[in-house]
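Colleague: One structure, pasted below without further comment.
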Amino acid sequence: MNKEEWTKNGYVTEPIDKHIDLKIEINRLKKEKNAVILGHYYQPDDIQEIADFTGDSLALAQKASKTDADIIIMCGVHFMGETVKILCPDKKVLIPDLNAGCSLADSCQAEDFSRFVKDHPGYTVISYVNTSAAVKAVTDVVVTSTNARQIVESFPVNERIIFGPDKNLGRYINAITGRNMLLWNGACHVHERFSAQNIIELKRQYPSAAVLVHPECKEEVVRLADKVASTAGLLKYAVSSENTVFIVATESGILYEMRKKCPEKIFIPASPDSDISKCNMCNFMRLNTLEKLYNTLKYEWPEINVDKSVSEKAVKSIYRMLDISASLGL
Ligand code: 13P
Ligand code: SF4
Numbered sequence: 244m245n246k247e248e249w250t251k252n253g254y255v256t257e258p259i260d261k262h263i264d265l266k267i268e269i270n271r272l273k274k275e276k277n278a279v280i281l282g283h284y285y286q287p288d289d290i291q292e293i294a295d296f297t298g299d300s301l302a303l304a305q306k307a308s309k310t311d312a313d314i315i316i317m318c319g320v321h322f323m324g325e326t327v328k329i330l331c332p333d334k335k336v337l338i339p340d341l342n343a344g345c346s347l348a349d350s351c352q353a354e355d356f357s358r359f360v361k362d363h364p365g366y367t368v369i370s371y372v373n374t375s376a377a378v379k380a381v382t383d384v385v386v387t388s389t390n391a392r393q394i395v396e397s398f399p400v401n402e403r404i405i406f407g408p409d410k411n412l413g414r415y416i417n418a419i420t421g422r423n424m425l426l427w428n429g430a431c432h433v434h435e436r437f438s439a440q441n442i443i444e445l446k447r448q449y450p451s452a453a454v455l456v457h458p459e460c461k462e463e464v465v466r467l468a469d470k471v472a473s474t475a476g477l478l479k480y481a482v483s484s485e486n487t488v489f490i491v492a493t494e495s496g497i498l499y500e501m502r503k504k505c506p507e508k509i510f511i512p513a514s515p516d517s518d519i520s521k522c523n524m525c526n527f528m529r530l531n532t533l534e535k536l537y538n539t540l541k542y543e544w545p546e547i548n549v550d551k552s553v554s555e556k557a558v559k560s561i562y563r564m565l566d567i568s569a570s571l572g573l
């Protein structure tokens, strides 16, 4: 074992015996160690296939808060691992690759955000779950794209609110609620890449298609949508809609679950504006592989830990979200 090299790389670099069946071994180790694998909808197909539970950010946090497993492996990105650790401080929380960050979370550094909050006394702070634990620690209530509208609307209309870090989600929530929240200027590099031009071109090719858009996309893309929702919301819409063809403007990993749930329907991934022949993937989400997942489970590394004083503050804003969501039946 070369821990120094693991640390340098951010994941376990031990070679894997070529003769083993990774899926069988992952399932065996999982039982032996009482571990649970949570996978975000943006994970590669083989990880979604082996995960015990797949979902959007809200569903994964809800699931983590209730699990009785001893080890939780979060197949997603770093902030999701932190959220799980904050909710389950006594459990071992692992992530296959420590380099799986998030451009949106990175666009909101805790020091800068804390200063912004201090400069606006009297404001309630609402933060998207795509933030570091330190940002959650200066937040009153966390939201995901599934519950952002309802949580914002749970405050009086004249409440002064800071919303961070996603300016696109914030602008969209302002538009549909008539609020005037103060927005942090952050964005996700994956969702910002979708272009209106590409969607118009796809609509020309598939005129009957319904356009599904994640609210992290730019306004010009959101304007072309038949449905704007979180990944779980888009999935639900695709299942219940009478439409049979869909253009999907969010990370293309969601197509795995859409095709699984609706094998008779056609899902076309929208493309990044720079390259219309490709679908749009999050390079951070895609750092996780079956091999890294196997090694993580075997060697129980890399582990996510959150500073106790940060965790004790952040947990309040996450539980506030879970409580409001539960009371709203979300
Ligand atoms: P949801 O899972 O809440 O739809 O968020 C999308 C996302 O960008 C996660 O990284
Ligand atoms: Fe972050 Fe965007 Fe990747 Fe989601 S898709 S993890 S918001 S960079």
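Those letters in the sequence shown? Residues 244 to 573, per the numbering used here, in order.
Using N, Cα and C, we set each Cβ at its ideal position, and we do this for glycine too.
The structure presented is a predicted model; accordingly, all values stated were derived computationally and were not measured.
1) Tell me the DSSP secondary structure of residue 322 in three-state form.
2) Measuring from the CB of residue 459, is there a heavy atom of the ligand 13P at a distance below 7 Å?
3) With 16 as the cutoff for other CB atoms within 10 Å, does residue 554 come out buried or exposed?
4) Within the same chain, show all residues whose beta-carbon is closer than 7 Å to that of residue 320, passing over the 5 residues directly before and after it, in chain order.
5) Does the region 459-471 touch the region 248-258, meaning 3 or more C-beta pairs lie closer than 8 Å?
6) Restricting to runs no shorter than 4 residues, where is the alpha helix (DSSP H) found entirely within the region 373-410?
7) Whole angstroms is fine: what's the gap from residue 311's alpha carbon to residue 438's?
8) On the DSSP bridge list, what partners appear for residue 282?
9) With H, G and I counted as helix, E and B as strand and the rest as coil, what does DSSP make of residue 367?
10) With a threshold of 16 other CB atoms inside 10 Å of the CB of residue 328, please say whether the residue is buried or exposed.
11) Using 7 Å as the cut-off, classify the Cβ of residue 527 as near or not near the heavy atoms of the ligand SF4, replying yes or no.
12) Please tell me whether residue 458 and residue 411 are closer than 8 Å, where the distance is taken between their beta carbons.
13) List the endpoints of the continuous beta strand (DSSP E) containing residue 490.
14) Return the CA-CA distance between residue 563 and residue 384, expressed in angstroms with no decimal places.
Modeller: Concretely, from the data shown:
1) By one-based count along the sequence shown, residue 322 stands at place 79. DSSP places residue 322 in helix when its eight states are reduced to three.
2) As a working note, residue 459 is residue 216 in the sequence shown. Yes, since a heavy atom of the ligand 13P falls inside the 7 Å radius drawn around the Cβ of residue 459.
3) Position 311 of the sequence shown holds residue 554. Buried.
4) The residue you call residue 320 lines up with position 77 of the sequence shown. Correct list, in chain order: 343, 344, 345, 527, 528.
5) Judged by Cβ distances under 8 Å, the region 248-258 makes no contact with the region 459-471, as fewer than three pairs qualify.
6) Restricted to the region 373-410, the alpha helix (DSSP H) segments that are unbroken, complete and at least 4 residues in length are 376-379, 391-396, listed in chain order.
7) Numbered from its first residue, the sequence shown carries residue 311 at position 68. Numbered from its first residue, the sequence shown carries residue 438 at position 195. If you draw a straight line from the Cα of residue 311 to the Cα of residue 438, it comes to about 43 Å.
8) The residue you call residue 282 lines up with position 39 of the sequence shown. Residue pairing by DSSP places residue 282 opposite 297, 318 in a beta bridge.
9) Counting from 1 along the sequence shown, the entry for residue 367 is found at position 124. The three-state reading of DSSP puts residue 367 in strand, counting E and B together.
10) The residue you call residue 328 lines up with position 85 of the sequence shown. Buried: at least 16 other Cβ atoms inside 10 Å.
11) Position 284 of the sequence shown holds residue 527. Proximity of the beta carbon of residue 527 to the ligand SF4 is indicated: a heavy atom of the ligand is located closer than 7 Å.
12) As a first step, residue 458 is located in the sequence shown; it is residue number 215 there, counting from the start. As a first step, residue 411 is located in the sequence shown; it is residue number 168 there, counting from the start. Remark: C-beta atoms of residue 458 and residue 411 approach each other more closely than 8 Å.
13) Here residue 490 refers to the residue found at position 247 when the sequence shown is read from its first residue. Residue 490 -> beta strand (DSSP E) spans 488-492.
14) Sequence index remark: in the sequence shown, residue 563 carries index 320 (1-based). Sequence index remark: in the sequence shown, residue 384 carries index 141 (1-based). One C-alpha to the other measures close to 6 Å.
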